[in-house]
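Enquirer: Handing you a structure now.
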Ligand code: GLA
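In the working numbering, the protein residues as written are 248 to 629.
Written as structure tokens, this is what we have:
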């Protein structure tokens with residue numbers, strides 16, 4: 248993305264440049280809407296934006312990726328399916344306006360992203376957080392990083408209709424280089440944990456199979472968990488499914504008397520336990536234990552939560568031939584996996600996975616080495 252691209256799109260010069268990263272979740276999957284702990288980190292793939300102030304009240308948005316432009320009056324923003332990707336940034340303006348923030352002039356924003364779309368790396372939270380960050384800086388709204396995450400979450404839920412948890416918006420807004428965020432999603436408390444992996448690395452492996460039906464399946468899981476919680480609240484004093492302990496599981500099984508609901512609860516309870524064990528293993532630099540927990544998490548998401556699918560299963564199985572552990576990351580239903588692998592073995596991992604994946608499913612996989620990076624940034628152009 249270059250300044251001349253902005254000038255070509257809008258016919259004026261930009262005043263600012265901003266960026267926000269993508270994320271992976273190391274462990275703690277599908278429990279951020281069940282009051283659990285999650286452990287995401289931001290990765291070196293970015294949504295970038297060049298921004299110019301306008302003299303009127305219009306928001307003019309251009310995407311380099313889709314080559315489409317959308318214009319809306321800042322006071323008359325509505326969700327429209329035909330606005331496609333632009334519903335994400337527009338949602339931020341809508342939520343800020345509905346909360347009474349003063350946005351006295353419009354903006355021209357030129358977006359460009361190298362985050363693969365619909366791949367589980369949170370391209371949507373990245374553009375949401377980026378836009379909230381831009382508004383905060385340019386309109387001096389005095390929001391802190393947690394406020395930015397909350398505005399982005401409200402926008403995703405109310406404007407874009409996904410009943411997601413707060414993990415993606417929080418990590419992208421709050422990320423710190425070379426750390427992961429240990430986040431209590433119920434109390435919204437957090438702690439940064441240094442990611443010291445010795446001579447090991449986390450890599451991202453793309454299935455190159457765009458996710459399908461993710462939103463409806465995701466919302467279905469949310470509803471199943473709500474249903475189980477309602478039933479179990481009759482017997483336990485709990486706020487969330489993640490308040491339950493692994494030792495409670497046999498009793499929960501008989502109380503629920505419903506195999507599907509039981510497996511959903513079992514995933515939440517065991518995943519919460521794995522997150523806490525993962526934190527201890529990180530603090531002890533216990534790479535073998537980290538790998539074991541990654542593998543266990545994937546199996547639980549496959550058998551009990553049923554959100555992996557054959558593309559992610561095949562990638563993870565192949566990756567484990569070289570890596571100490573591998574699991575899907577994000578919402579699932581294809582998308583991306585992560586693997587914990589000896590840094591010098593990354594090329595071997597890439598070859599082994601590519602070969603096996605191609606043979607079994609006829610698709611090309613892609614292994615991406617990543618850095619763990621900071622959250623959104625911006626600067627005034629000189
Ligand atoms: C998506 C959602 C998150 C989280 C993950 C699964 O990325 O946006 O809130 O629920 O799926 O862990």
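All residues carry an ideal CB built from backbone N, CA and C; glycine is no exception.
Hey, could you find the ends of the beta strand (DSSP E) residue 264 is sitting in?
Expert: It spans 263 to 272 - the beta strand (DSSP E) in which residue 264 sits, taken as one unbroken run.
Enquirer: Relative to the alpha-carbon of residue 514, which residue among 546, 455, 372 and 418 has its alpha-carbon at the smallest distance?
Expert: The shortest Cα separation from residue 514 among 546, 455, 372 and 418 belongs to 546.
Enquirer: Using the C-alpha atoms, what's the distance from residue 496 back to residue 369?
Expert: Roughly 32 angstroms between the two C-alpha positions.
Enquirer: Would you mind reading off the limits of the beta strand (DSSP E) that contains residue 411?
Expert: Looking at the DSSP string, residue 411 is not in any beta strand (DSSP E), and its letter there is neither H nor E.
Enquirer: Is it the case that the CB of residue 369 approaches a heavy atom of the ligand GLA more closely than 7 angstroms?
Expert: Correct: residue 369 has its Cβ closer than 7 angstroms to the ligand GLA.
Enquirer: Please find out if some non-hydrogen atom of the ligand GLA comes closer than 7 angstroms to the beta-carbon of residue 417.
Expert: No.
Enquirer: Buried or exposed for residue 258, please, with buried defined as at least 16 other CB atoms from any protein chain shown within 10 angstroms of its CB.
Expert: Exposed, since its Cβ has fewer than 16 Cβ neighbours within 10 Å.
Enquirer: State yes or no: is the C-beta of residue 575 nearer than 7 angstroms to some heavy atom of the ligand GLA?
Expert: No.
Enquirer: Output needed for residue 627: all residues of its chain with C-beta closer than 6 angstroms, excluding positions within five of it in sequence on either side, in chain order.
Expert: Closer than 6 angstroms at the Cβ level, and outside the excluded window around residue 627, lie 263.
Enquirer: Would you report the Cα separation of residue 613 and residue 429, rounded to the nearest angstrom?
Expert: Roughly 28 angstroms separates the two Cα atoms.
Enquirer: In chain order, which beta strand (DSSP E) runs of at least 3 residues are fully inside the stretch 279 to 340?
Expert: Correct list: 287 to 300, 305 to 310 and 315 to 320.
Enquirer: Please tell me whether, using a cut-off of 7 angstroms, the distance from the CB of residue 280 to the nearest non-hydrogen atom of the ligand GLA is below it.
Expert: Result yes, Cβ under 7 angstroms from the ligand GLA.
Enquirer: Whole angstroms is fine: what's the gap from residue 252's alpha carbon to residue 345's?
Expert: Answer to the nearest angstrom: the Cα atoms are 32 angstroms apart.
Enquirer: Determine the contact status of residue 354 and residue 299, defining contact as a CB-CB distance below 8 angstroms.
Expert: Cβ distance < 8 angstroms, so residue 354 and residue 299 count as in contact.
Enquirer: For residue 267 and residue 356, I'd like the C-alpha separation in whole angstroms.
Expert: Computed Cα separation, rounded: 14 angstroms.
Enquirer: Cβ of residue 272 versus every heavy atom of the ligand GLA: is any distance shorter than 7 angstroms?
Expert: Yes.
Enquirer: So, helix, strand or coil for residue 401, using DSSP?
Expert: Of the three classes helix, strand and coil, the one that applies to residue 401 here is helix, per DSSP.
Enquirer: Taking contact to mean 3 or more Cβ pairs, one atom from each stretch, closer than 8 angstroms, check whether the stretch 442 to 451 and the stretch 615 to 623 are in contact.
Expert: The stretch 442 to 451, when compared against the stretch 615 to 623, does touch it at the 8 angstroms Cβ threshold.
Enquirer: May I have a chain-ordered list of the alpha helix (DSSP H) segments no shorter than 4 residues that lie completely inside the stretch 561 to 615?
Expert: If we require 4 residues or more, the alpha helix (DSSP H) runs fully inside the stretch 561 to 615 come out as 593 to 608.
Enquirer: So, does the stretch 384 to 402 touch the stretch 416 to 428, judging by three or more C-beta pairs under 8 angstroms?
Expert: As far as the Cβ criterion goes, the stretch 384 to 402 touches the stretch 416 to 428, which means the pair count is three or higher.
Enquirer: Quick one, are the C-beta atoms of residue 420 and residue 623 less than 8 angstroms apart?
Expert: For residue 420 and residue 623, yes; Cβs fall inside 8 angstroms.
Enquirer: In three-state terms, what does DSSP make of residue 376?
Expert: It is helical.
Enquirer: Going straight from the alpha carbon of residue 391 to that of residue 384, what length do you get?
Expert: Whole-angstrom Cα-Cα distance: 11 angstroms.
Enquirer: According to DSSP, is residue 543 part of a helix, a strand, or is it coil?
Expert: Looking at residue 543 - three-state DSSP - the assignment turns out to be helix.
Enquirer: Could you tell me whether the Cβ atoms of residue 585 and residue 271 are closer together than 8 angstroms?
Expert: A contact, by the Cβ cut-off of 8 angstroms.
Enquirer: How big is the Cα-Cα spacing for residue 580 and residue 477?
Expert: Approximately 26 angstroms between the Cα atoms of the pair.
Enquirer: Is it right to say residue 561 is buried, meaning 16 or more other beta carbons lie within 10 angstroms of its own, or is it exposed?
Expert: Buried, because 16 or more other Cβ atoms sit within 10 Å of the Cβ of residue 561.
Enquirer: Excluding the 5 residues flanking residue 510 on each side, which residues of the same chain have their C-beta closer than 6 angstroms to its C-beta?
Expert: Cβ neighbours of residue 510 beyond the five flanking positions: 551.
Enquirer: Since residue 461 is in the alpha helix (DSSP H), which residue starts that stretch and which ends it?
Expert: Here the alpha helix (DSSP H) through residue 461 covers 461 to 479.
Enquirer: State buried or exposed for residue 321, treating a residue as buried only when at least 16 other CB atoms are found within 10 Å of its CB.
Expert: Answer is buried; the Cβ neighbour count reaches 16.
Enquirer: Smallest Cα separation from residue 499: which of 482, 487 and 274?
Expert: Answer by Cα proximity: 482.
Enquirer: Confirm, please, whether the CB-CB distance from residue 611 to residue 361 is below 8 angstroms.
Expert: For residue 361 and residue 611, no; Cβs fall outside 8 angstroms.
Enquirer: Quick check: the Cα distance between residue 553 and residue 578, rounded to an integer number of angstroms?
Expert: Cα to Cα, residue 553 sits roughly 11 angstroms from residue 578.
Enquirer: Please report how far the alpha carbon of residue 211 lies from the alpha carbon of residue 359, in whole angstroms.
Expert: Here the chain comprises residues numbered 248 to 629, so residue 211 is not present and cannot be evaluated.
Enquirer: Helix, strand or coil for residue 277 per DSSP?
Expert: In the structure shown, residue 277 sits in coil (DSSP, three-state: anything other than H, G, I, E or B).
Enquirer: Given a cut-off of 8 angstroms, decide if residue 319 and residue 306 are closer than it, judged by their beta-carbon atoms.
Expert: A contact, by the Cβ cut-off of 8 angstroms.
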